[in-house]
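Chains as they are written, first to last, in the numbering used here: chain A, 1 to 230; chain B, 1 to 230.
Put into structure tokens, the structure is as follows:
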């Protein structure tokens with residue numbers, strides 16, 4: 001999609017897509033007009049058009065930027081934290097940490113995008129958002145499945161159901177934290193995740209769930225909070 | 001706000017706000033331009049302006065219409081279903097039924113509105129959405145508190161935490177049901193609600209939770225599904 005293969009052009013494009021992803025997390029992907037973004041970046045509309053031929057191209061580039069940021073900020077550190085139930089807990093904590101640190105100014109980019117497009121007609125933007133959400137749910141589900149295979153969750157455990165319920169705590173924390181500017185909702189989500197995992201885990205699973213730090217607010221991957229976006 | 005106190009004017013205004021609330025559930029409250037709505041209703045923009053002087057007036061009227069519809073479709077039937085844990089379960093089921101029946105074409109109006117405005121600057125529209133969400137959470141919390149007072153939940157139960165976790169299942173069902181057009185997510189939410197309530201309930205609480213019908217999909221207030229919007 002980059003029409004400027006030289007390094008200056010690539011750098012400009014990268015600046016634009018980062019700003020676009022940030023703006024979309026607050027104003028929505030439909031609020032992402034080329035004119036508006038040009039204003040924010042003090043660029044001409046024609047300069048922006050040289051990089052993105054259409055609003056849809058810009059939206060898809062913003063989604064790709066957001067996906068890469070999400071992988072760096074949530075997925076990669078959590079996958080490094082361990083396997084099975086430890087990983088599942090780390091994925092949840094990495095998500096809450098990413099919301100808390102304001103990796104996107106408007107909260108989770110994908111939560112906003114899903115809420116914006118869930119009821120709209122199919123199209124490339126909506127399809128891409130649905131794929132990204134599916135990848136996230138599959139990542140949670142796979143960790144739950146591994147935990148079951150490792151005997152950390154009982155044989156009758158339903159990995160998709162568990163992923164769905166954990167996602168509920170995470171999404172709700174994202175919305176309410178921003179709506180009421182109240183970090184107490186992040187603590188509620190941490191309690192919910194911990195209780196849900198401990199409640200279903202076998203004795204081996206409970207041993208694998210590292211105890212929360214003394215604040216009672218940070219979970220297994222609390223140290224992720226130090227891994228800030230550059 | 002109605003500038004046409006006569007009955008024809010009131011009827012026109014009512015038609016406009018119903019259409020506005022429906023449209024906003026799909027396109028967002030910011031997508032609710034007077035021009036667009038005029039096009040949908042085959043009215044002139046000036047005719048619409050006679051009822052709503054500004055976009056903000058129209059947005060606030062759509063929220064009030066949505067609030068009343070929510071009360072009729074979710075709150076009132078659930079409050080009639082009983083008290084304590086029965087009511088708490090009925091509130092959750094009434095919400096899921098309201099999503100399932102498509103009371104708003106774009107899914108829960110307030111979930112969409114919260115997602116759209118959670119990270120935006122304060123203002124009358126955002127404030128009103130935050131108040132409505134707070135009323136809903138307080139309704140859930142009060143039912144949980146009553147359940148605790150009635151001995152259906154243990155003395156150490158945290159009504160706000162329980163309300164938060166139930167809300168997580170409901171919101172997530174709303175988004176995923178629409179994103180993937182898959183009613184299985186409503187079933188997952190019903191399972192989550194039932195398990196969460198039964199898991200925390202005392203023996204008296206579990207007796208008060210009516211058993212789910214044979215499908216395993218409808219909860220205490222499954223008969224709400226027959227109470228359709230006229």
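Even for Gly, the Cβ is constructed at its ideal location relative to N, Cα and C.
* Could you tell me whether any Cβ in chain B is nearer than 8 Å to the Cβ of residue 180/A? => For the purposes of this step, residue 180/A is identified with residue 180 of the first chain, where counting begins at 1. Yes, its Cβ sits closer than 8 Å to a Cβ of chain B.
* To do: Anything in chain A within Cβ reach of residue 296/B, meaning under 8 Å, just list it in chain order.
  => Nothing about residue 296/B can be read from this structure; chain B reaches only from 1 to 230.
query = Under 8 Å between the Cβ atoms of residue 112/B and residue 33/B?
reply = Against the second chain, residue 112/B aligns to sequence position 112. Against the second chain, residue 33/B aligns to sequence position 33. No. Outside cutoff.
Contact check, residue 206/B vs residue 198/B, beta carbons under 8 Å
Taking the second chain and counting its residues from 1, the one referred to as residue 206/B is at position 206. Taking the second chain and counting its residues from 1, the one referred to as residue 198/B is at position 198. It is a contact, given that the beta carbons lie within the stated cut-off.
Item checked: Closest by C-alpha distance to residue 146/A, when choosing among 73/A, 108/A, 69/A, 88/A -> Looking up residue 146/A in the first chain gives position 146. Comparing Cα positions, the closest option is 88/A.
Chain B residues whose Cβ lies nearer than 7 Å to that of residue 128/A | Against the first chain, residue 128/A aligns to sequence position 128. None at all; the shortest Cβ gap to chain B is about 12 Å.
Q.
I need the straight-line Cα distance from residue 204/B to residue 151/B, nearest angstrom please.
A. Here residue 204/B corresponds to residue number 204 of the second chain, with the count starting at 1. Here residue 151/B corresponds to residue number 151 of the second chain, with the count starting at 1. Rounded to whole angstroms, residue 204/B to residue 151/B spans 7 Å at the Cα level.
Contact check, residue 86/A vs residue 195/A, beta carbons under 8 Å: Position 86 of the first chain, counting from 1, holds the residue named residue 86/A. Position 195 of the first chain, counting from 1, holds the residue named residue 195/A. Contact flag unset, no.
Exercise for review: Give the secondary structure of residue 15/B by DSSP, where H, G and I count as helix, E and B as strand, and everything else as coil.
Suggested key: Taking the first residue of the second chain as 1, we reach residue 15/B at position 15. Helix, per DSSP.
Report task. Identify the continuous alpha helix (DSSP H) that holds residue 128/B and give its terminal residues. Result -> The count along the second chain starts at 1 and reaches residue 128/B at position 128. That run of the alpha helix (DSSP H) goes 124 to 149.
Worksheet entry | C-beta neighbour in chain B for residue 31/A, strict 8 Å | Stepping through the first chain from its first residue, residue 31/A is reached at position 31. By this cut-off, residue 31/A is an interface position.
Next item on the list: Closer than 8 Å by beta-carbon distance: list the chain B residues that pair up with residue 55/A, in chain order.
Entry: Indexing the first chain from 1 puts residue 55/A at position 55. Here the premise fails: no neighbours, minimum Cβ distance about 14 Å.
Query raised in the report: Of the residues that make up the stretch 16 to 49 of chain B, which ones have a beta carbon closer than 9 Å to any beta carbon in chain A?
Result: 25, 26, 27, 28, 30, 31
- Task: Under 7 Å between beta-carbons, which chain A residues line up against residue 172/B? List them in chain order, please.
- Result: By 1-based counting over the second chain, the position of residue 172/B is 172. Neighbours of residue 172/B on chain A, chain order: 164, 167, 168, 171.
Q.
For a contact defined as C-beta to C-beta under 7 Å, what are the partners of residue 156/B on chain A?
A. Counting from 1 along the second chain, the entry for residue 156/B is found at position 156. Ordered by position in chain A, no residue passes the 7 Å Cβ test against residue 156/B, which lies about 13 Å from the chain.
For this session: Have a look at residue 65/A and residue 169/A and give me their C-alpha separation to the nearest angstrom.
Result: Counted from its first residue, the first chain places residue 65/A at position 65. Counted from its first residue, the first chain places residue 169/A at position 169. So the two alpha carbons sit approximately 25 Å from each other.
| said: Applying the 10 Å Cβ sphere with the 16-neighbour rule, what's the burial state of residue 71/B? | reply: In the second chain, residue 71/B corresponds to position 71, counting from 1. Counting Cβ neighbours within 10 Å, residue 71/B comes out exposed, since fewer than 16 surround it.
ask   = What is the DSSP secondary structure of residue 20/A, counted as helix, strand or coil?
value = By 1-based counting over the first chain, the position of residue 20/A is 20. The answer is helix: DSSP assigns residue 20/A an H, G or I state.
Tell me, please, whether the CB atom of residue 136/B is closer than 8 Å to any CB atom in chain A?
-> The sequence position of residue 136/B within the second chain is 136, counting from 1. Residue 136/B does not count as touching chain A.
- prompt: Which class does residue 98/A belong to by DSSP, given the choice of helix, strand or coil?
  reply: As a position in the first chain, residue 98/A is number 98, starting the count at 1. Helix.
* Where residue 84/B falls, given that 16 or more other Cβ within 10 Å makes a residue buried -> Here residue 84/B corresponds to residue number 84 of the second chain, with the count starting at 1. Residue 84/B comes out buried.
DSSP on residue 183/B, reduced to helix/strand/coil?
Position 183 of the second chain, counted from the start, is the residue given in the question as residue 183/B. Coil at residue 183/B, not helix or strand.
Practice problem: Could you list which residues in chain A have their beta carbon closer than 8 Å to that of residue 116/B, in chain order? | Solution: Within the second chain, numbered from 1, the residue matching residue 116/B stands at position 116. By Cβ distance, chain A contributes 28, 115, 116.
* Do you know how far the Cα of residue 69/B is from the Cα of residue 7/B? -> Taking the second chain and counting its residues from 1, one reaches residue 7/B at position 7. Taking the second chain and counting its residues from 1, one reaches residue 69/B at position 69. So the two alpha carbons sit approximately 21 Å from each other.
Counting only C-beta atoms, is residue 107/B closer than 8 Å to chain A at any point?
Taking the second chain and counting its residues from 1, one reaches residue 107/B at position 107. Closer than 8 Å: yes.
Whether residue 107/A touches residue 99/A by CB criterion (8 Å):
Taking the first residue of the first chain as position 1, residue 107/A is located at position 107. Taking the first residue of the first chain as position 1, residue 99/A is located at position 99. Result yes, Cβ atoms of residue 107/A and residue 99/A sit closer than 8 Å.
Rounded to whole angstroms, what is the Cα-Cα separation between residue 36/A and residue 50/A? For the purposes of this step, residue 36/A is identified with residue 36 of the first chain, where counting begins at 1. For the purposes of this step, residue 50/A is identified with residue 50 of the first chain, where counting begins at 1. In a straight line, the C-alpha of residue 36/A is about 16 Å away from that of residue 50/A.
### Task
Run the proximity test for residue 86/B: is its beta-carbon closer than 7 Å to any non-hydrogen atom belonging to the ligand NAD?
Absence of the ligand NAD is noted for the structure shown, with no ligands found whatsoever.
Worksheet entry | Residue interval of the alpha helix (DSSP H) (run including residue 118/B) | Taking the second chain and counting its residues from 1, one reaches residue 118/B at position 118. Note, residue 118/B: premise wrong, no alpha helix (DSSP H); not H, not E.
(request) Tell me whether residue 6/A sits in a helix, a strand or coil according to DSSP, three-state version. (result) The residue labelled residue 6/A in the question sits at position 6 within the first chain. Note: residue 6/A maps to coil in three-state DSSP.
Environment of residue 165/A [buried if 16+ CB atoms lie within 10 Å] | On the first chain, residue 165/A is found 165 positions in, with the first residue counted as 1. Classification for residue 165/A: buried.
What span of residues does the alpha helix (DSSP H) with residue 31/B cover, start to end? As a working note, residue 31/B is residue 31 in the second chain. It is not in any alpha helix (DSSP H) - residue 31/B carries neither H nor E in the DSSP assignment.
Beta carbon proximity, residue 10/B to chain A, threshold 8 Å: For the purposes of this step, residue 10/B is taken as the residue at position 10 of the second chain. Not one chain A Cβ lies under 8 Å of residue 10/B.
query: Beta-carbon of residue 148/A versus every beta-carbon of chain B: anything under 8 Å?
result: The residue labelled residue 148/A in the question sits at position 148 within the first chain. No, because no Cβ of chain B sits closer than 8 Å to the Cβ of residue 148/A.
Residue 202/B, DSSP secondary structure in three states
Residue 202/B sits at position 202 when you count from the first residue of the second chain. Reduced to three states, the DSSP call for residue 202/B is coil.
Report task. Kindly list, in the order they appear in chain B, the residues whose Cβ is closer than 9 Å to that of residue 112/A. Result -> Residue numbering aside, residue 112/A sits at position 112 when the first chain is read from its first letter. The answer, in chain order, is 115, 116, 118, 119.
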